[in-house]
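S.K.:
In UniProt numbering, the protein residues as written are 1 to 663.
Take a look at the structure:
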């Protein structure tokens with residue numbers, strides 16, 4: 001049992017060293033590593049002591065039955081299994097961090113809800129699976145040989161007491177020590193519930209926990225999000241608010257009455273309602289992995305835009321647009337439901353309707369509301385869930401394939417060109433019938449394993465343009481650049497065709513990436529956190545629907561939370577909507593602000609992180625932040641506190657709806 005504790009301490013330390021080696025970057029000195037290793041050792045002791053205690057409890061009946069040799073052998077095999085599990089989780093999290101730029105979080109569980117075959121194929125293509133399995137087998141064999149021998153060596157030298165009472169006392173003392181280690185503390189709170197802050201550098205703090213404990217925290221967070229309890233204040237308490245009244249006060253509301261708060265969460269688009277025939281079609285597109293940072297490498301020898309290049313000047317491109325979440329489905333729920341809780345529309349929640357849904361204002365105004373996905377509508381239950389959120393119809397790959405028999409794709413969905421052709425036909429048909437369409441698109445092509453065996457425009461690509469921090473494999477980089485370029489080019493073709501028709505003058509278009517491409521760069525976090533969070537965003541508003549008194553500040557911070565409010569206010573004067581953000585055509589107060597994962601707040605001053613107890617990482621330049629955070633001044637602290645309060649109230653409102661409908 002003590003060997004198991006020691007083994008987990010060694011594995012946990014090695015995992016942190018490899019994380020540091022691969023992801024710390026050249027600017028961090030070793031002085032920052034030692035506090036993480038020191039605090040991390042305590043967490044490894046917790047994990048080891050929990051595992052040893054469980055094995056001990058399981059072996060007690062076998063030991064007391066007189067089969068002591070069997071108990072020892074079983075304990076050895078269980079210890080080996082736990083050590084191997086610790087190693088596997090650590091290796092998986094190492095690559096998970098390289099892809100998602102975070103330790104295990106609730107998204108890891110969503111990976112098992114995707115197409116399992118596609119996930120496995122992506123892992124097989126992109127990661128050293130064979131070498132990893134061989135390495136684990138070698139480690140497992142070495143541990144199998146070592147554990148009984150080391151145990152025998154220790155048994156001879158382990159402290160022994162004379163007499164039955166002495167042996168019993170020694171056993172009790174060891175059990176008490178294991179329990180104290182498993183708790184991690186003799187104070188009022190177990191170690192695993194304490195703050196892991198050991199530095200003003202978030203990357204250093206991220207090193208502290210080991211993989212089993214980060215997975216445990218992710219599971220608890222997911223359980224709190226998806227298994228919504230009867231207490232709708234759980235989320236606001238997690239953000240540091242004592243109760244609903246406390247959050248309402250921080251948000252600047254004059255009353256803590258629940259009805260008043262719920263009313264304050266909604267806004268009404270200014271102006272007089274239009275006749276449907278005078279209203280525009282509205283297209284809202286979510287583009288797979290369309291991060292902004294690859295566009296900095298765009299140039300004559302490395303064309304990242306294709307036909308999109310000619311369309312960008314015909315609309316407004318937002319330079320500081322922050323992704324609300326770090327995965328496609330969380331971003332989709334954030335965009336279309338305004339929810340901080342994700343996944344929300346899975347399981348029994350898939351058939352609940354939420355009054356925050358983005359499609360509802362359009363549906364009330366007489367629009368036909370349609371969602372088009374290049375993959376299968378069974379993915380994350382969107383075919384069921386979205387029909388309960390104000391969408392009249394959900395189309396997927398089967399519908400597109402039925403219309404275009406030659407349509408092809410990857411494991412994740414049809415190539416984007418077919419999706420855009422399908423969308424173009426839906427708009428033309430609706431316009432011919434005198435309907436108005438609210439059309440939401442979700443693409444799939446720019447996704448691992450980055451397969452692209454479809455006819456397309458050829459543009460120059462140069463992986464070297466990405467510079468020294470790019471992925472070392474130029475062929476894999478070229479595949480990533482090709483799917484990124486293909487998506488941009490097909491989007492450009494769709495926008496060009498729309499613009500060249502009279503239909504274009506009756507259509508508002510908004511397009512944004514769902515998150516960045518992730519695995520093409522090694523990011524120095526938090527210095528380059530903004531490159532992880534910033535995505536492409538662009539809107540085109542025909543002159544008939546654009547405000548004549550204002551224009552968007554395209555350099556101000558904005559995000560997914562601002563898209564639906566903007567579209568409703570431009571297209572649907574007089575309609576009520578869930579006020580998650582601001583109208584981008586209105587002045588941005590103090591440079592704007594944007595939330596990433598409801599944990600990081602971008603402002604003109606810098607990055608406030610985490611939202612409930614923020615440190616301010618000031619800007620070094622437009623793409624880099626100070627690694628070391630500082631205590632924010634009163635104004636920045638108040639801005640973060642107010643943003644947290646509104647997140648807390650939206651969280652409460654969503655949970656309140658679930659509780660009411662289940663009741």
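We put the CB at the ideal spot given by N, CA and C, even for glycine.
Which value, in whole angstroms, describes the spacing of the CA atoms of residue 193 and residue 278?
M.R.: Confidence in residue 193 is poor, its pLDDT being 49 and thus under 50, which makes the residue's placement too unreliable to answer from.
S.K.: Does the separation of the CB atoms of residue 251 and residue 640 fall below 7 Å?
M.R.: Cβ atoms of residue 251 and residue 640: not closer than 7 Å.
S.K.: Check whether the segment 602-610 and the segment 507-516 are in contact - that is, three or more C-beta pairs closer than 8 Å.
M.R.: Verdict: no, contact absent.
S.K.: What is the rounded straight-line gap between the Cα of residue 541 and the Cα of residue 569?
M.R.: Residue 541 and residue 569: Cα-Cα distance of roughly 12 Å.
S.K.: Examine the Cβ distances between the segment 469-481 and the segment 418-438 and report whether three or more of them are shorter than 8 Å.
M.R.: With the cut-off at 8 Å, the segment 469-481 and the segment 418-438 do not touch.
S.K.: If residue 657 and residue 354 are in contact, beta carbons under 8 Å, what's the gap, nearest whole angstrom?
M.R.: Rounded, the Cβ-Cβ distance is 6 Å, consistent with contact.
S.K.: Should residue 257 go down as buried or exposed, given a rule of 16 or more other Cβ atoms within 10 Å for buried?
M.R.: Its Cβ having fewer than 16 others within 10 Å, residue 257 is exposed.
S.K.: Which of helix, strand or coil does DSSP assign to residue 507?
M.R.: Three-state DSSP puts residue 507 in a strand.
S.K.: Considering only the alpha carbon of each residue, which of 395, 513 and 650 lies closest to residue 445?
M.R.: Ranking the options by Cα distance to residue 445, first place goes to 513.
S.K.: Along the chain, which unbroken stretches of the alpha helix (DSSP H) at least 4 residues long are found entirely within the segment 315-378?
M.R.: Taking only runs of at least 4 residues, the alpha helix (DSSP H) segments lying wholly in the segment 315-378 are 328-337 and 359-364.
S.K.: Within 10 angstroms of its Cβ, does residue 638 collect 16 or more other Cβ (buried), or is it exposed?
M.R.: Its Cβ having fewer than 16 others within 10 Å, residue 638 is exposed.
S.K.: Return the first residue and the last residue of the alpha helix (DSSP H) that residue 94 is part of.
M.R.: That run of the alpha helix (DSSP H) goes 68-100.
S.K.: Exposed or buried, what is residue 643 when buried is set at 16 or more other beta-carbons lying within 10 Å of its beta-carbon?
M.R.: By the neighbour-count rule (16 or more Cβ atoms within 10 Å), residue 643 is buried.
S.K.: Evaluate the contact criterion for the segment 478-487 versus the segment 279-293: three or more CB pairs, one atom per stretch, below 8 Å.
M.R.: Touching, yes, given that three or more Cβ pairs across the two stretches are closer than 8 Å.
S.K.: Under 7 Å Cβ to Cβ from residue 262, same chain only, skipping five residues before and after it: list those, please.
M.R.: Only 653 meet the Cβ criterion.
S.K.: Please classify residue 156: is it buried, with 16 or more other beta-carbons within 10 angstroms of its beta-carbon, or exposed?
M.R.: So residue 156 ends up on the exposed side.
S.K.: What does residue 284 pair with, by DSSP beta-bridge criteria?
M.R.: For residue 284, which the question treats as bridged, DSSP gives the partners 440 and 510.
S.K.: May I have the straight-line CA-CA distance separating residue 620 from residue 360, to the nearest angstrom?
M.R.: Near 42 Å, if we compare the C-alpha coordinates of residue 360 and residue 620.
S.K.: Are the Cβ atoms of residue 107 and residue 327 separated by less than 7 Å?
M.R.: Going by C-beta atoms, residue 107 is nearer than 7 Å to residue 327.
S.K.: Who does residue 619 pair with in a DSSP beta bridge?
M.R.: Bridge partners of residue 619: 625.
S.K.: Could you tell me the distance, in whole angstroms, from the CA atom of residue 19 to the CA atom of residue 32?
M.R.: Distance between the alpha carbons of residue 19 and residue 32 is about 13 Å.
S.K.: Mapping DSSP to helix, strand and coil, what is residue 63?
M.R.: Residue state, collapsed to three classes: helix.
S.K.: If you check the beta carbons only, do residue 556 and residue 592 fall under 7 Å apart?
M.R.: Contact: yes.
S.K.: Provide the residue(s) that pair with residue 267 in DSSP beta bridges, ordered along the chain.
M.R.: Residue 267 is bridged to 577.
S.K.: Compute the beta-carbon to beta-carbon distance between residue 273 and residue 573, rounded to the nearest angstrom, for a pair I have assumed lies under 8 Å.
M.R.: With a Cβ gap of about 6 Å, residue 273 and residue 573 count as contacting.
S.K.: Just to confirm the assignment, what range does the beta strand (DSSP E) spanning residue 594 have?
M.R.: Unbroken beta strand (DSSP E) run through residue 594: 594-596.
S.K.: Going by other Cβ atoms of all chains shown within 10 Å of its Cβ, with 16 needed for buried, is residue 649 buried or exposed?
M.R.: Under this definition residue 649 is a buried residue.
S.K.: Please confirm whether residue 362 and residue 369 have their CB atoms less than 7 Å apart.
M.R.: Yes; because the gap between Cβ atoms is below 7 Å, this pair is in contact.
S.K.: Only counting the same chain, and skipping five residues up and downstream in sequence, which positions put a Cβ closer than 6 Å to that of residue 450?
M.R.: Contacts found: 479, 480 and 483.
S.K.: My output table needs one value for residue 539: the three-state DSSP class, helix, strand or coil.
M.R.: Strand, per DSSP.
S.K.: What residue from 344, 459, 404 and 365 has the CA that sits closest to residue 388's CA?
M.R.: Among 344, 459, 404 and 365, the Cα nearest to that of residue 388 is on 344.
S.K.: Is it buried or exposed for residue 548, if we count other Cβ within 10 angstroms and need 16 for buried?
M.R.: By the 10 Å Cβ count, residue 548 comes out exposed.
S.K.: Write down the C-beta distance between residue 625 and residue 527 rounded to the nearest angstrom, noting that I regard them as a contact closer than 8 Å.
M.R.: Right, the Cβ-Cβ distance comes to about 6 Å (below 8 Å), so this counts as a contact.
S.K.: What three-state label does DSSP hand residue 461 in the structure shown?
M.R.: Residue state, collapsed to three classes: coil.
S.K.: Here's the rule I'm using: 16 or more other beta-carbon atoms within 10 Å means buried, otherwise exposed. How should residue 358 be labelled?
M.R.: Residue 358 should be labelled buried.
S.K.: Between the segment 199-211 and the segment 70-90, are three or more C-beta pairs nearer than 8 Å?
M.R.: Contact holds: three or more Cβ-Cβ distances are below 8 Å.
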